[in-house]
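**Q** Would you mind keeping the following structure in view while I ask a few things?
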Amino acid sequence: MWLTAYVVPLCPISQRVTTRGRDAPGTATVRDLRLHFRPVGRSAAFFDLDKTVIAKSSALAFGRPFYRDGLISRRDVVKSAYAQLMFRLGGGGDEQAMARTRDYLATLTKGWRVEQVQQIVAETLNELINPYVYAEAAALIGEHQAAGRDVVLVSASGDEMVRPIGALLGITDIIATRMSISDGRYSGDVEFYAAGPNKVIGVEELAASRGYHLAECYAYSDSASDLPLLSAVGYPSAVNPDRALRRVAVENGWPILEFRNPIPVGKRLRDRPAVPVAAALGVGVGAAIGFVLYARHRRARALA
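Following full-length UniProt numbering, the numbering of the sequence shown begins with 1 at its first residue and continues without gaps.
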């Protein structure tokens with residue numbers, strides 16, 4: 001894969017990594033480290049979707065066609081955007097905020113025909129989602145798959161939206177919000193709301209059925225609302241993190257990745273490498289440094 005140097009933690013073989021020492025910040029000496037990754041059993045990489053794999057909100061992306069087809073009003077569009085903004089600014093971890101968002105979602109979608117929603121998503125996916133997939137995320141997904149790991153999208157957006165996005169990326173395993181359906185329409189009840197701590201429930205259920213060892217699994221997210229998910233796996237990474245998540249990532253020595261290049265799938269296949277070389281190297285060194293610090297942190301805890 002063309003971005004192998006960027007995903008240092010993924011390779012289960014010896015890797016030679018150049019990074020800067022920490023003894024003299026700014027003018028630190030350069031050292032060569034050799035990292036050894038032992039073979040692992042069956043494992044998975046869990047990816048949040050919004051602002052982690054795609055450069056926008058998947059739910060809000062479909063607001064325009066939903067409005068065009070009469071599923072929502074202009075007022076609903078504004079309320080949905082405001083509700084999501086408040087959820088993200090609050091870190092998404094407050095149980096009351098999660099409950100309000102879940103209940104609003106249930107009320108908003110009650111009576112919608114499932115087939116109509118699926119048709120809208122299918123017709124607009126290439127326009128609304130494909131151009132906003134981060135090239136770095138797509139490459140990282142490919143690296144995990146090449147290493148033999150299952151890749152799972154974990155999103156609070158509805159299954160009818162997330163599953164087609166997964167298919168676009170070659171991902172079949174999805175953990176997403178599921179609405180109750182009666183006679184082909186949403187009933188106004190939420191069967192499973194895949195947000196905050198609930199994401200961990202979905203991940204643990206999948207891990208139990210597949211035989212994953214979560215200590216050998218990876219997770220990626222941009223939001224502090226996903227701290228339960230990131231804390232549940234052995235190899236968490238913060239991607240384009242919000243302020244709260246960045247603080248926790250630094251405190252714990254988690255890798256911090258910056259994805260900056262949303263490029264359509266077809267263009268990536270024609271014009272690889274899609275990420276400028278300088279940008280890829282910069283992120284690669286950052287990932288390497290973060291992983292080294294994280295590995296040291298894990299070893300220190302194990303010896304304590």
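Note that the Cβ used here is the ideal one computed from N, Cα and C, for glycine as well.
Fair warning: this is a prediction, and the values are worked out from it, not measured in the lab.
Which runs of the alpha helix (DSSP H) at least 4 residues long sit entirely within the region 120 to 166? Give them in chain order.
**A** Fully enclosed alpha helix (DSSP H) runs of 4 or longer: 135 to 146.
**Q** Applying the 10 Å Cβ sphere with the 16-neighbour rule, what's the burial state of Arg163?
**A** Here residue 163 corresponds to residue number 163 of the sequence shown, with the count starting at 1. Label assigned to Arg163: buried.
**Q** Mapping DSSP to helix, strand and coil, what is Glu251?
**A** In the sequence shown, residue 251 corresponds to position 251, counting from 1. If DSSP states are grouped into helix, strand and coil, Glu251 belongs with the helices.
**Q** Given a cut-off of 8 Å on the beta-carbon distance, is the pair Asn240 and Glu251 in contact?
**A** Working through the sequence shown from its first residue, we reach residue 240 at position 240. Working through the sequence shown from its first residue, we reach residue 251 at position 251. Contact flag unset, no.
**Q** For Thr101 and Val151, what's the separation of their Cα atoms in angstroms?
**A** Mapped onto the sequence shown, residue 101 falls at position 101. Mapped onto the sequence shown, residue 151 falls at position 151. If I take the Cα positions, the gap works out to 27 Å.
**Q** Spell out the partners DSSP gives Tyr104 in its beta bridges.
**A** Taking the sequence shown and counting its residues from 1, the one referred to as residue 104 is at position 104. Bridge partners of Tyr104: none, in fact.
**Q** Name the one or two DSSP bridge partners that Phe46 has.
**A** Counting from one through the sequence shown, the residue named residue 46 turns up at place 46. Partner(s): Val152, Ala219.
**Q** How is Arg74 classed by DSSP in three states: helix, strand or coil?
**A** Within the sequence shown, numbered from 1, the residue matching residue 74 stands at position 74. In this structure, Arg74 counts as helix in the three-state DSSP scheme.
**Q** Starting from Tyr67, trace the alpha helix (DSSP H) in both directions and tell me its first and last residue.
**A** Residue numbering aside, residue 67 sits at position 67 when the sequence shown is read from its first letter. That run of the alpha helix (DSSP H) goes 63 to 68.
**Q** What does the alpha-carbon distance come out to for the pair Glu160 and Gln118?
**A** In the sequence shown, counting from the first residue as 1, residue 160 sits at position 160. In the sequence shown, counting from the first residue as 1, residue 118 sits at position 118. Rounded to the nearest angstrom, the two C-alpha atoms are 6 Å apart.
**Q** Is it buried or exposed, Val78, if we count other Cβ atoms within 10 angstroms and call 16 or more buried?
**A** Here residue 78 is taken as the residue at index 78 of the sequence shown, counted from 1. Exposed.
**Q** Pairing CB atoms from the region 110 to 125 with CB atoms from the region 207 to 220, are three or more of them under 8 Å?
**A** No: fewer than three Cβ pairs fall under 8 Å.
**Q** With DSSP as the reference, please indicate the residues paired to Met179 in a beta bridge.
**A** As a working mapping, residue 179 is identified with position 179 in the sequence shown. Note: Met179 sits in a beta bridge opposite Val190.
**Q** Measuring CA to CA, which of Arg185, Leu229, Phe46 is closest to Val114?
**A** Sequence index remark: in the sequence shown, residue 114 carries index 114 (1-based). Cα-wise, what sits closest to Val114 is Arg185.
**Q** Is Arg243 helix, strand or coil when you go by DSSP?
**A** Numbered from its first residue, the sequence shown carries residue 243 at position 243. If DSSP states are grouped into helix, strand and coil, Arg243 belongs with the helices.
**Q** With DSSP collapsed to three states, give me the class of Arg210.
**A** For the purposes of this step, residue 210 is taken as the residue at position 210 of the sequence shown. If DSSP states are grouped into helix, strand and coil, Arg210 belongs with the helices.
**Q** Could you tell me if Asp50 is buried or exposed, where buried requires 16 or more neighbouring beta carbons within 10 angstroms of its beta carbon?
**A** As a working note, residue 50 is residue 50 in the sequence shown. Flag for Asp50 reads buried.
**Q** Kindly indicate which three-state DSSP category Ala59 falls into: helix, strand or coil?
**A** To locate residue 59, count along the sequence shown from 1; it is residue 59. In this structure, Ala59 counts as helix in the three-state DSSP scheme.
**Q** Below 8 Å between beta carbons: does that hold for Leu206 and Phe47?
**A** For this step, residue 206 is matched to residue 206 along the sequence shown. For this step, residue 47 is matched to residue 47 along the sequence shown. No, they are not a contact pair.
**Q** Compute the Euclidean distance between the alpha carbons of Ile120 and Thr109, then round it to the nearest angstrom.
**A** Translated into positions along the sequence shown, residue 120 becomes position 120. Translated into positions along the sequence shown, residue 109 becomes position 109. The straight-line gap from Cα to Cα measures roughly 14 Å.
**Q** Do you know offhand how far Ala147's Cα is from Val133's?
**A** For the purposes of this step, residue 147 is taken as residue 147 along the sequence shown, with counting starting at 1. For the purposes of this step, residue 133 is taken as residue 133 along the sequence shown, with counting starting at 1. C-alpha separation (whole angstroms): 21 Å.
**Q** Shortest alpha-carbon distance to Tyr212 belongs to which of Trp254, Asn198, Ser231, Arg149?
**A** Counted from its first residue, the sequence shown places residue 212 at position 212. Here the closest residue by C-alpha is Arg149.
**Q** Please list, in chain order, all residues of the same chain as Asp189 whose beta carbon is under 8 Å from its beta carbon, the five residues on each side excluded.
**A** For this step, residue 189 is matched to residue 189 along the sequence shown. Result list for Asp189: Ala106, Met179, Ser180, in chain order.
**Q** Short of 6 Å in beta carbon distance, which residues of its chain neighbour Ser155, apart from the five on each side in sequence? Order them along the chain.
**A** Counted from its first residue, the sequence shown places residue 155 at position 155. If we look at Ser155 and ignore the five residues flanking it on each side, its Cβ neighbours are Leu49, Val162, Ala176.
**Q** Comparing alpha-carbon positions, which option in Gly142, Arg68, Glu191, Ile141 lies nearest Asp103?
**A** Locating residue 103 in the sequence shown gives position 103, counting from the first residue. Of the listed residues, the one whose Cα sits closest to Asp103 is Glu191.
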